[in-house]
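Positions -8 to 281 (this note's numbering) are the ones given, in order, by the sequence shown.
One structure below.
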Amino acid sequence: MIVVTAGTGTIGSAMANQLHSSGIPFKLVSRDRLAAQKKLGDHIPCATGSLDQVASLKAAFMGARSVFMNVPLSPKMLDWQNNIITAAKSAGIEQIIKLSGSDMTIDSSSGSLAGKMHAQAEQALAESGLSYTILRPTYYMQNMLGPMAEAIRKKDAFSSPLSGDIPISMVDARDVAEVAYICFVHRNHDNAVYSLAGEPVTMNDAVHYISYFSGREVRYRRTNPVSDLFKCKAKGVSAWKTKHDRLMMKLLNKGYGVLDSDIIGRLTGYQPRNLELFAYDHIQHFMPED
């Protein structure tokens, strides 16, 4: 049995679909089990558990062998991951696969608050006595399915502080889920740290593929980070999240999002999904609303 925490987000839902298709027993842990079930479907088993409460996590972990440790972006990330490790040890869990931050944010010189907490959680996991594997994806292609996709649906255009021609080694969440699955099944990946990346692509490339598959012209414009800050405040985005996002854009614009890694190919036996395939598979998210 494998337990997936924070299973309703980008990587959690991809992990659920991967495990479901493989036939391996698993369950997702969510604070609101019924809401998670409604979002993901009745075919996905869910249990109640709060990342804030070690006791509830322990109860959800009982009887399982492994945990996929995934937490939302939050100032509480380190506390939540420490709670997962504590509950896992108490419940007799043998193995944890940790979804971590990217190499560029884990680097202590980056100044990333999220990266610092991920680094501390990685250290706590390494010292826990549990078998573990750490996955460090670069930048998810699925990040485009939020505000970016909404803007394209409404205006055939989108903007961000990211330079249109800066390369980023984007990775598809489905590839990350498949790597995690392999690490669960084949225990020769214990105590390893894997940096996960695809081929370098740009936002201009994204515009090209979305335009091609949607049959209409999509435009991209780089915005001023300061004006974006005021927009975030107006939308009620927390100061912590705004600071995190601004730092990410700064790191990416400096070229730190490029990573040469063949881990996905070596573990899965095929090349990482590229941006063209991602755009084709998800084009419905970018189509105009009726």
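Virtual Cβ for every residue (Gly too), placed ideally from N, Cα, C.
All values derive from a computational prediction rather than experimental measurement.
Buried versus exposed, by CB contacts within 10 Å (16 or more), residue i
| i | result |
| --- | --- |
| N74 | buried |
| D33 | exposed |
| Q275 | exposed |
| Q262 | exposed |
| G310 | Summary: the structure shown does not reach residue 310, with the chain confined to residues -8 through 281, and so no result is reported for it. |
Three-state secondary structure (DSSP) of residue i
| i | result |
| --- | --- |
| T193 | coil |
| K18 | strand |
| T(-4) | strand |
| P128 | strand |
| K67 | coil |
| R264 | coil |
| L243 | helix |
| M60 | strand |
| T39 | strand |
| I173 | helix |
Nearest-angstrom Cβ-Cβ length linking residue i and residue j, presumed shorter than 8 Å
| i | j | result |
| --- | --- | --- |
| K106 | G92 | First, the amino acid is wrong: residue 106 is Gly here, not Lys. Confirmed, about 5 Å. |
| L250 | S160 | 5 Å |
| I88 | F59 | 5 Å |
| S101 | M95 | 6 Å |
| T129 | A188 | 5 Å |
| L48 | A112 | So it is not a contact: roughly 15 Å between Cβ atoms. |
| M278 | S205 | 6 Å |
C-beta contact flag for residue i and residue j at 7 Å
| i | j | result |
| --- | --- | --- |
| M132 | D166 | no |
| R56 | M135 | no |
| P138 | M240 | no |
| E208 | N265 | no |
| N244 | S122 | no |
| A7 | I35 | yes |
| Y200 | A148 | no |
| T320 | V45 | Any question about residue 320 goes unanswered here, given that the chain covers just -8 to 281. |
Neighbourhood of residue i by C-beta distance below 6 Å, restricted to the same chain and skipping five residues each side
| i | result |
| --- | --- |
| R212 | S150 |
| I125 | K89, S91, E113, V184 |
| H180 | T124, C174 |
| A142 | F149 |
Residues near residue i by beta carbon distance below 7 Å, same chain, minus five either side
| i | result |
| --- | --- |
| W71 | L42, V62 |
| A27 | G(-2), T(-1), L19, S21, C37 |
| I2 | N61, L90, A164, V167, A168 |
| G246 | I157 |
| Q9 | A168, E169, Y172 |
| S186 | D94, R127, L250, S252, I254 |
Sequence-distant residues of the same chain with beta carbon closer than 8 Å to residue i, five excluded per side
| i | result |
| --- | --- |
| E85 | R56, S57, L121, S122 |
| F221 | Note that F221 has pLDDT 49, beneath the 50 cutoff, so the model's placement of it is unreliable and the number below is only indicative. Closer than 8 Å at the Cβ level, and outside the excluded window around F221, lies no residue. |
| K146 | none |
C-beta neighbour in chain D for residue i, strict 7 Å
| i | result |
| --- | --- |
| S99 | Protein chain content of the structure displayed is limited to a single chain, and chain D is not contained in it. |
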